[in-house]
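J.: What follows is a single structure, and I will ask about it in a moment.
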Amino acid sequence: LMMDSSLGKSEREAKTAEVNRRYSEQMEMSRDSMDERSLSNQTSPLAKIRQVAGAVSVPIRLYGKASGMLRQGLEVFDTFCSRYFVAFTVTYIIVKTTHYVVFPDLFA
20 LMMDSSLGKS EREAKTAEVN RRYSEQMEMS RDSMDERSLS NQTSPLAKIR QVAGAVSVPI
80 RLYGKASGML RQGLEVFDTF CSRYFVAFTV TYIIVKTTHY VVFPDLFA
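Numbering (the working numbering), first residue to last: 20 to 127.
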């Protein structure tokens with residue numbers, strides 16, 4: 020509307036006023052529906068249940084995020100340890116087998 024150069028000043032002002040009027044009506048309808056919803060929440064038995072559920076969901080979500088981070092950390096630690104444990108075990112077996120088979124009297 021503001022970028023339309025074919026409109027004159029009075030036409031632009033009239034169209035802008037129309038847009039503002041429609042926006043104002045929509046905002047009033049939105050406020051009215053919010054007020055109605057607020058009133059129904061105050062008298063509804065489900066409102067208290069929703070409040071309790073909302074209060075309970077926060078600690079559960081925090082516990083879920085914390086346990087997920089702990090699980091990821093433990094998986095990284097487990098992967099690191101298991102890889103190096105296997106590498107150490109295989110190296111130890113090779114060294115001991117070489118010692119007893121190839122050089123049985125090396126340190127005797």
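Glycine is no exception: its CB is placed at the ideal position from the N, C-alpha and C atoms.
Using the C-alpha atoms, what's the distance from Tyr82 back to Asp124?
T.: 60 Å
J.: Could you pull the start and end residues of the alpha helix (DSSP H) that Thr164 belongs to?
T.: Any property of residue 164 remains undetermined from this structure, which presents the chain solely from 20 to 127.
J.: Return helix, strand or coil for Asp54, following the three-state DSSP convention.
T.: helix
J.: Between Ser43 and Arg90, what straight-line distance do the alpha-carbon atoms span, to the nearest angstrom?
T.: 52 Å
J.: Helix or strand or just coil, what does DSSP make of Met22?
T.: coil
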